[in-house]
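Presented below is the structure to which this report refers.
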Amino acid sequence: MNFDYNTTRNDLILAEYGRNVQNMVKYIIELPDREERNKYAQAVIDLMGFLNPHLRDVADFKHKLWDHLHIISGYQIDVDSPYPKPTPEAALIKPDHIGYPQQRIKYKHYGKTVEVMIEKAKAVTDEPEKRAAMVQGIANFMKMAYVTWNKDSVADETIIKNLRELSNGELELDENINLNKVEFKPVVARPANNNRGRNNNSGGKNRPGSNNGRPQQRNNNPKQRH
Numbered sequence: 069m070n071f072d073y074n075t076t077r078n079d080l081i082l083a084e085y086g087r088n089v090q091n092m093v094k095y096i097i098e099l100p101d102r103e104e105r106n107k108y109a110q111a112v113i114d115l116m117g118f119l120n121p122h123l124r125d126v127a128d129f130k131h132k133l134w135d136h137l138h139i140i141s142g143y144q145i146d147v148d149s150p151y152p153k154p155t156p157e158a159a160l161i162k163p164d165h166i167g168y169p170q171q172r173i174k175y176k177h178y179g180k181t182v183e184v185m186i187e188k189a190k191a192v193t194d195e196p197e198k199r200a201a202m203v204q205g206i207a208n209f210m211k212m213a214y215v216t217w218n219k220d221s222v223a224d225e226t227i228i229k230n231l232r233e234l235s236n237g238e239l240e241l242d243e244n245i246n247l248n249k250v251e252f253k254p255v256v257a258r259p260a261n262n263n264r265g266r267n268n269n270s271g272g273k274n275r276p277g278s279n280n281g282r283p284q285q286r287n288n289n290p291k292q293r294h
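Right, here's the structure in full:
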């Protein structure tokens, strides 16, 4: 008896479609009639889309399915595709390298965003009230970022000093100004609720007619009962 093991099978070209799709594509390649190849190829495309519904969120997902069909066939399938036939060379082209920004951030806990906001505030020269509001808003944001990063409180003087350094002395805040109050509050683990024990300790206080857990006294005096 001969068993069909995965180790003896051909490698899956695109594993996400499975071996059955790969076998169907192989069958289509061997069909002599072009019309039949086109008909079965469209059926396989529909099946591939059903097996990978996440591709529907990809732009031109139908185009991608047809490209995958050609890749599974080893670029040998001869059908009328609505899209240009891909080439093996195109699959080997590596995307351009995306370099990391080389700009140095002076204070990492403030990030690049603060530096950008400072540059925008420095550019406002003809509207002093707007500039002052922007500077105070930046300082409040810096204080929040500082506390979030360092997990510790910070004095307003430190924020004002850092703002002066980052702006090369162009943005100033009054030393007596009060920034938004931001304090670091460590997370305190909450004790687990023991509802089971609470119910057991209640002793049936909340049951109807329980009289707070004490047995009710019966009135045996016939005169008082009427």
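Okay, so the sequence shown: first residue is 69 according to our numbering, each after it adds one. Idealized CB from N, CA, C, for every residue including glycine. Note that the structure is a prediction, hence the values are computed from the model and not measured.
Counted within 10 angstroms of its Cβ, other Cβ atoms place residue i as buried (16 or more) or exposed
i	result
residue 294	At residue 294, the pLDDT of 49 sits below 50, so the modelled position is not reliable; the number obtained from the coordinates is stated separately. Label assigned to residue 294: exposed.
residue 141	buried
residue 90	buried
residue 245	exposed
residue 122	exposed
residue 124	exposed
residue 230	buried
residue 133	buried
residue 158	exposed
residue 145	buried
Where residue i falls: helix, strand or coil (DSSP)
i	result
residue 244	coil
residue 195	coil
residue 136	helix
residue 145	coil
residue 165	coil
residue 184	helix
residue 126	coil
residue 172	coil
Own chain, CB closer than 8 Å to residue i, minus 5 neighbours either side, in chain order
i	result
residue 188	202
residue 136	82, 85, 116
Cut-off 7 Å between Cβ atoms - residues of its own chain near residue i, not counting five sequence neighbours on either side
i	result
residue 320	Because the chain is modelled from 69 through 294, residue 320 falls outside the range shown and cannot be assessed.
residue 147	105, 106, 109
Exercise for the section: Report yes or no: do the region 171-184 and the region 213-220 share at least 3 C-beta pairs separated by less than 8 Å? Expected result: yes
Handout entry: Three CB pairs or more closer than 8 Å across the region 78-95 and the region 130-149
Key = yes
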